[in-house]
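*Asks:* One structure is given below, represented as structure tokens, and several questions about it will come after.
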Amino acid sequence: MMNVVKVRMADLNTIGAPARIRTTGLGSCVGIVLFDVKQKVGGMAHIMLPSSEIAKDNQFLNRAKYADTAVPLLFEKMLSIGASKENIVAKLAGGSQMFQFNTSNDMLRIGPRNVEASKLALSNIGIPLIAEDTGGNIGRTIELDTQTGILHIKTANLGVKEI
Amino acid sequence: MGFSFDKIKDLQIDILKEVGNIGAGHAATALSTMIQKQIDMNVPNVKLIPFSEIEDFLGGEDKVVVGIFLRVEGDIPGNMFFVMTVDSAKQLLKRMMGDAVSSDPEFSEIEFSALHEVGNILAGSYLSSLADFTNLKLYPTVPSMAIDMVGAIISFGLLQVSQISDVAILINTTFLEGEHFIEGHFFLIPDPEAFDRLFSALGVPL
Chain A
1 MMNVVKVRMA
11 DLNTIGAPAR
21 IRTTGLGSCV
31 GIVLFDVKQK
41 VGGMAHIMLP
51 SSEIAKDNQF
61 LNRAKYADTA
71 VPLLFEKMLS
81 IGASKENIVA
91 KLAGGSQMFQ
101 FNTSNDMLRI
111 GPRNVEASKL
121 ALSNIGIPLI
131 AEDTGGNIGR
141 TIELDTQTGI
151 LHIKTANLGV
161 KEI
Chain B
1001 MGFSFDKIKD
1011 LQIDILKEVG
1021 NIGAGHAATA
1031 LSTMIQKQID
1041 MNVPNVKLIP
1051 FSEIEDFLGG
1061 EDKVVVGIFL
1071 RVEGDIPGNM
1081 FFVMTVDSAK
1091 QLLKRMMGDA
1101 VSSDPEFSEI
1111 EFSALHEVGN
1121 ILAGSYLSSL
1131 ADFTNLKLYP
1141 TVPSMAIDMV
1151 GAIISFGLLQ
1161 VSQISDVAIL
1171 INTTFLEGEH
1181 FIEGHFFLIP
1191 DPEAFDRLFS
1201 ALGVPL
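Line by line, the protein sequences give chains A and B. Per the numbering used here, residue 1 is the first one in the first sequence, and the count goes up by one each step. Per the numbering used here, residue 1001 is the first one in the second sequence, and the count goes up by one each step.
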């Protein structure tokens, strides 16, 4: 059976071909995917929050939990297993608004904020975003095939797609 | 000194179980009246769960559920969910609406709105009994409903907790209709700042 590495909530990991890497149940969370198109090395982060500035305890900061810290960390890990910056591209999925409310509470529109923060973090290190499936009000499970670079996206109500 | 989950001891865990017991007990009575059936309840399961284990705890992967969510403000801020499998939700609708309920896994507009109302009543009775029991003020929002992957639904309730830690306390109470065709779960996920006030109100300060 094909080796599939699982990335948990607020976690990240990297893997080389031919393995796959996946994360399940992305709602407002965002799956950030980096892929080296030449070396066939892939990485995935499952972030929950846009910015580590939100953290109320900086002592044991989990860098994989925030878009602004997860992107550079994932990038470093990609380089450490043989990826080259000029060959790395990014894809994003998730960032939904699962529930609709009439409220001014900013925390309830966290999905779109997670997407914006992920894009900003990618552009800060100069990694091109080549595809995304973000927003809406649906959950997503994503799986990167490191042989092809295709990101498979499964939803509960809208079937399967590839980006 | 900020809140830390390390401060919570067995005694406080027992208190949280009692919170789940009382809240879900009232909700079960409301449901029992609504569908004219006996409802059994399990002893609440209260655990400190690392985010990395949450999906397994919820039954894993991308299982699709009906989830009703309320944000609670006031003295015990937190997130409240009422979660059922799609099959359970259909069974519940059949008990309430009879043959008008379709057998296909999709939900019609009227079924959707009936479930929404059930969630509203059940979560409302859970929270109002909690408010009475603690003598604290709770202000729930109007509920919102989604039919989607369980991880995508519940992770939405972890956002406040995730700002201070990678673990959350879930107060999980399950109830079952007599013949076990209907199974529902309440999840109360208090914000970190809720614990001090909750435990003080109940005479077991941290």
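Quick reminder that beta carbons are idealized off the backbone N, C-alpha and C, glycines included.
Determine the burial state of ILE1110(B): buried for a count of at least 16 other Cβ atoms within 10 Å of its Cβ, exposed for fewer.
*Replies:* In the second sequence, residue 1110(B) corresponds to position 110, counting from 1. Its Cβ having fewer than 16 others within 10 Å, ILE1110(B) is exposed.
*Asks:* So what's PHE1096(B) in DSSP terms, helix, strand or just coil?
*Replies:* Your numbering for residue 1096(B) matches position 96 in the second sequence. The question names Phe, but residue 1096(B) in the sequence shown is Met. Correct three-state label for MET1096(B): helix.
*Asks:* With three or more C-beta pairs closer than 8 Å as the rule, is the region 1181 to 1193 of chain B touching the region 1145 to 1160 of chain B?
*Replies:* Segments in contact, yes.
*Asks:* Give the DSSP bridge partners of TYR1139(B), in chain order.
*Replies:* As a first step, residue 1139(B) must be located in the second sequence, where it is residue number 139. The partner list for TYR1139(B) (beta bridge, DSSP) reads GLU1073(B).
*Asks:* Taking only beta-carbon positions, decide if MET1096(B) is within less than 8 Å of chain A.
*Replies:* On the second sequence, residue 1096(B) is found 96 positions in, with the first residue counted as 1. Not one chain A Cβ lies under 8 Å of MET1096(B).
*Asks:* With three or more beta-carbon pairs closer than 8 Å as the criterion, would you say the region 1033 to 1041 of chain B touches the region 1163 to 1178 of chain B?
*Replies:* Enough Cβ pairs lie closer than 8 Å, so yes.
*Asks:* Tell me which same chain residues have a C-beta within less than 6 Å of the C-beta of ASP133(A), skipping the five on either side of it?
*Replies:* Taking the first residue of the first sequence as 1, we reach residue 133(A) at position 133. Excluding residues within five positions, the ones whose Cβ falls inside 6 Å are ALA93, ILE153 and ILE163.
*Asks:* Below 8 Å between beta carbons: does that hold for GLN1091(B) and ILE1182(B)?
*Replies:* As a working note, residue 1091(B) is residue 91 in the second sequence. As a working note, residue 1182(B) is residue 182 in the second sequence. Yes; because the gap between Cβ atoms is below 8 Å, this pair is in contact.
*Asks:* Measure the alpha-carbon distance for PRO72(A) versus ILE125(A) and round it to whole angstroms.
*Replies:* Position 72 of the first sequence, counting from 1, holds the residue named residue 72(A). Position 125 of the first sequence, counting from 1, holds the residue named residue 125(A). Cα-Cα distance, rounded: 7 Å.
*Asks:* Roughly how many whole angstroms lie between the Cα atoms of ALA1123(B) and ASP11(A)?
*Replies:* Here residue 1123(B) refers to the residue found at position 123 when the second sequence is read from its first residue. Here residue 11(A) refers to the residue found at position 11 when the first sequence is read from its first residue. Straight-line Cα distance between these residues: approximately 32 Å.
*Asks:* Is it true that the region 1007 to 1021 of chain B meets the region 1148 to 1158 of chain B, where meeting means three or more beta-carbon pairs spaced less than 8 Å apart?
*Replies:* In short, these stretches do not touch, since the Cβ pair count stays below three.
*Asks:* Counting along the chain, where does the alpha helix (DSSP H) carrying ARG1197(B) start and finish?
*Replies:* Mapped onto the second sequence, residue 1197(B) falls at position 197. Per DSSP, ARG1197(B) belongs to the alpha helix (DSSP H) from 1194 to 1201.
*Asks:* Strictly under 8 Å for the Cβ-Cβ distance: is LYS65(A) near chain B by that measure?
*Replies:* On the first sequence, position 65 is the one that residue 65(A) refers to. Yes, LYS65(A) counts as interfacial toward chain B.
*Asks:* Based on Cα-Cα distance, which residue from ASP1056(B), SER1165(B) and PHE1081(B) lies nearest to PHE1069(B)?
*Replies:* Here the question's residue 1069(B) lines up with position 69 in the second sequence. It is PHE1081(B) whose Cα lies nearest to the Cα of PHE1069(B).
*Asks:* The alpha helix (DSSP H) that contains SER123(A), what's its start and end?
*Replies:* Stepping through the first sequence from its first residue, residue 123(A) is reached at position 123. Unbroken alpha helix (DSSP H) run through SER123(A): 110 to 124.
*Asks:* Quick one: is ARG1056(B) buried, meaning 16 or more other Cβ sit within 10 Å of its Cβ, or exposed?
*Replies:* What you label residue 1056(B) is simply residue 56 of the second sequence in a count that begins at 1. Strictly speaking, residue 1056(B) in this sequence is Asp, with Arg absent from that position. Answer is exposed; the Cβ neighbour count stays below 16.
*Asks:* In chain B, which residues lie with their C-beta within 8 Å of the C-beta of ILE138(A)?
*Replies:* If you number the first sequence from 1, residue 138(A) lands on position 138. Correct list: ASP1148 and ALA1152.
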